[in-house]
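Trainee: My questions all concern the structure below.
In the UniProt record's numbering, the protein residues as written are 1 to 623.
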């Protein structure tokens, strides 16, 4: 990957962190914040969404472009969703637990909380909200975090409702699930203080650590998303949406810098060639006898081929601007946004069944010279015309350099065009929810995870590695409740919640079925001596495979309770008698192998120290 002098380029970046809160109920209703499987839905309904004007009578450009794609939105409803999610009932008051957690986060980010929180509507017509807007409220502003490259300011923090979960594309549009809609979500926006890819990643990691320090945020894939705003001095502000992994942020920034540098170089070269973008033309006749499957498929369905002359673009449409993405890919993204499958262009032709003769005929049809390129779209007439117009518009901006836009982050840390940048016209007041006057007087600042690690080491005598695993893991609240509330041995609790569960997961035990109640009950039974420590794996395995059981019921069903010393001796003697020849030959050298067999015979029902003592005694009798 190409490295740049980011200071010389004038790199400026900022983050928007979106984190779901782990509340009992949703932000504007009493439904649980439970994610469901689509097949569990009870019914569905459909909607069509259209943009509305702001208070000033303006329509947001991003929403307007989104509405140009004619789609039907289907929504799956559950027994855990209600009429609020369906936009058939007014929203309730702001959830108190969500607001309290947001205020805790504000403390950690050293932010100033506003005097009054007012709910706003943010226009969103991509189907992800049944209302056509997202409810959002400013809670705090003007904070800061520290990074190794210097402080990064926190511009603002908003409390919002999460959007619907996208299930799949349908023949008529998109299918969404209502289970996620309305889960409380904080959006934390930094100031544009980030000046390198490494600092972007460090800042995101720092904010993530602070969020997890509350113990009140959801964990797992999809519960936290990062957006990154990137620009260089001669480029433009680009909003990169939906970064799922912190590991991708630095590479995403690097690739966006490269894209802007390459687009600026292309613009300079186009200016030197006196390049221009022509008018779209119908070039269907060129492909009447084509063997290209894509084009023939469109024409056989009554479609047409639209062509666009790109004067002075030869060799530049195929120029790579990000790994495996070219200027032609950018043009294609805009065509796809309007329903087309993509574009072909002369920098990549002949290919895809298009012959050399057809390329020459295409060039002749639009009057292209040696320095010119041609792009084509084959689809139904309406889609082809919309798509080629979008390609022409994007090609025009290539003459100028880097267009401001919102882009979608790809898994390989590249990005693709999503929509124009939103403007102020997308926000207007929510009239159905009364304002909230936040009370910060009783809000306590949570202990940082870094501080927890130090405390677990000093107070509970945990090793540094185990202390860090517990503190940064998902179950530190359970660990603290067991150790501080029930007096459980810290090493037992920590080892079970981290090491034991990890080992069981590697053995394909469905540990995802284990609830905090399962773990609580199992650890208490072991700590109280009702189940030997060696039996914890068998007990948790039984609970994972039969999650309807309590820990006590699993012990009784699986016979996992402890055994007395006489039963231990009987089991050990049986093993020893089978290996008398080995003992006679090796003496205590046979201990390790026989110890494993004895523990297996007792199936975790006896303490290892007891088994060890009895086995040593029996070997000594025979050695």
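In this text, a Cβ means the ideal position worked out from N, Cα and C, and glycines have one as well.
Tell me which same chain residues have a C-beta within less than 7 Å of the C-beta of residue 569, skipping the five on either side of it?
Mentor: Start at 1 with the first residue of the chain shown, and residue 569 comes out as number 569. Cβ neighbours of residue 569 beyond the five flanking positions: 614.
Trainee: Whole angstroms is fine: what's the gap from residue 35's alpha carbon to residue 179's?
Mentor: Start at 1 with the first residue of the chain shown, and residue 35 comes out as number 35. Start at 1 with the first residue of the chain shown, and residue 179 comes out as number 179. One C-alpha to the other measures close to 6 Å.
Trainee: Can you check which of these residues, 15, 600, 507, 529, is closest to residue 194 by C-alpha distance?
Mentor: Position 194 of the chain shown holds residue 194. Out of 15, 600, 507, 529, 15 has the C-alpha closest to the C-alpha of residue 194.
Trainee: Could you give the first and the last residue of the continuous beta strand (DSSP E) run that contains residue 111?
Mentor: Looking up residue 111 in the chain shown gives position 111. Per DSSP, residue 111 belongs to no beta strand (DSSP E) and is neither H nor E.
Trainee: Buried or exposed: where does residue 363 fall if 16 or more other Cβ atoms within 10 Å of its Cβ makes it buried?
Mentor: What you label residue 363 is simply residue 363 of the chain shown in a count that begins at 1. Residue 363 comes out buried.
Trainee: Examine the Cβ distances between the stretch 264-271 and the stretch 341-349 and report whether three or more of them are shorter than 8 Å.
Mentor: Flag = no, the stretch 264-271 and the stretch 341-349 do not touch.
Trainee: Where does residue 9 sit, in a helix, a strand or coil, going by DSSP?
Mentor: Residue mapping note: residue 9 aligns to position 9 of the chain shown, counting from 1. Helix.
Trainee: Is residue 48 buried or exposed, if buried means 16 or more other CB atoms sit within 10 Å of its CB?
Mentor: Here residue 48 is taken as the residue at index 48 of the chain shown, counted from 1. Counting Cβ neighbours within 10 Å, residue 48 comes out exposed, since fewer than 16 surround it.
Trainee: In terms of residue numbering, what span does the beta strand (DSSP E) encompassing residue 322 cover?
Mentor: In the chain shown, counting from the first residue as 1, residue 322 sits at position 322. Per DSSP, residue 322 belongs to the beta strand (DSSP E) from 320-322.
Trainee: Just how far apart, CA to CA, sit residue 63 and residue 168?
Mentor: Position 63 of the chain shown, counting from 1, holds the residue named residue 63. Position 168 of the chain shown, counting from 1, holds the residue named residue 168. Reliability fails at residue 63, whose pLDDT of 47 lies under 50, so the model's placement of it is uncertain and the value that follows must be treated cautiously. Roughly 21 Å between the two C-alpha positions.
Trainee: Going by the DSSP bridge assignment, what does residue 518 pair with across the sheet?
Mentor: The residue you call residue 518 lines up with position 518 of the chain shown. Its beta-bridge partners do not exist; DSSP assigns none.
Trainee: Using CA atoms only, rank isn't needed, just tell me which of 252, 245, 288, 316 is closest to residue 268.
Mentor: As a first step, residue 268 must be located in the chain shown, where it is residue number 268. When each option's Cα is compared against that of residue 268, the closest is 316.
Trainee: Using alpha carbons as the reference points, say which of 430, 270, 8 lies closest to residue 134.
Mentor: As a first step, residue 134 must be located in the chain shown, where it is residue number 134. Nearest C-alpha to residue 134: 430.
Trainee: Just the C-alpha distance for residue 219 and residue 548, rounded to the nearest angstrom, thanks.
Mentor: The residue you call residue 219 lines up with position 219 of the chain shown. The residue you call residue 548 lines up with position 548 of the chain shown. So the two alpha carbons sit approximately 24 Å from each other.
Trainee: Just the C-alpha distance for residue 217 and residue 80, rounded to the nearest angstrom, thanks.
Mentor: Translated into the one-based positions of the chain shown, residue 217 becomes position 217. Translated into the one-based positions of the chain shown, residue 80 becomes position 80. Whole-angstrom Cα-Cα distance: 20 Å.
Trainee: Under 8 Å, do residue 197 and residue 432 count as touching if we go by C-beta distance?
Mentor: Along the chain shown, one-based indexing puts residue 197 at 197. Along the chain shown, one-based indexing puts residue 432 at 432. Result no, Cβ atoms of residue 197 and residue 432 do not sit closer than 8 Å.
Trainee: Going by DSSP in three states, residue 4 sits in which element: helix, strand or coil?
Mentor: In the chain shown, counting from the first residue as 1, residue 4 sits at position 4. Residue state, collapsed to three classes: coil.
Trainee: Can you determine whether any heavy atom of the ligand HEM sits closer than 7 Å to the C-beta of residue 110, and answer yes or no?
Mentor: Absent from the structure shown: the ligand HEM. Ligands present: none.
Trainee: Tell me, to the nearest whole angstrom, how far the beta carbon of residue 150 is from that of residue 84; I am working on the premise that it is less than 8 Å.
Mentor: Within the chain shown, residue 150 is the residue found at index 150, counting from 1. Within the chain shown, residue 84 is the residue found at index 84, counting from 1. The Cβ separation is near 44 Å, so there is no contact.
Trainee: Whole angstroms is fine: what's the gap from residue 207's alpha carbon to residue 108's?
Mentor: One-based indexing of the chain shown puts residue 207 at position 207. One-based indexing of the chain shown puts residue 108 at position 108. Approximately 9 Å, taken between the alpha carbons.
Trainee: Is it right to say residue 331 is buried, meaning 16 or more other beta carbons lie within 10 angstroms of its own, or is it exposed?
Mentor: The residue given as residue 331 occupies position 331 in the chain shown. Flag for residue 331 reads buried.
Trainee: Smallest Cα separation from residue 517: which of 529, 536, 550?
Mentor: Counting from 1 along the chain shown, the entry for residue 517 is found at position 517. Nearest of 529, 536, 550 to residue 517, Cα basis: 550.
Trainee: Cα separation between residue 527 and residue 496?
Mentor: In the chain shown, counting from the first residue as 1, residue 527 sits at position 527. In the chain shown, counting from the first residue as 1, residue 496 sits at position 496. Between residue 527 and residue 496, the C-alpha separation is close to 11 Å.
Trainee: Is DSSP giving residue 93 helix, strand or coil here?
Mentor: Position 93 of the chain shown holds residue 93. Note: residue 93 maps to coil in three-state DSSP.
Trainee: Are there three or more Cβ pairs, one per stretch, closer than 8 Å when the stretch 447-459 is compared with the stretch 151-161?
Mentor: At 8 Å Cβ cutoff, the stretches do not touch.
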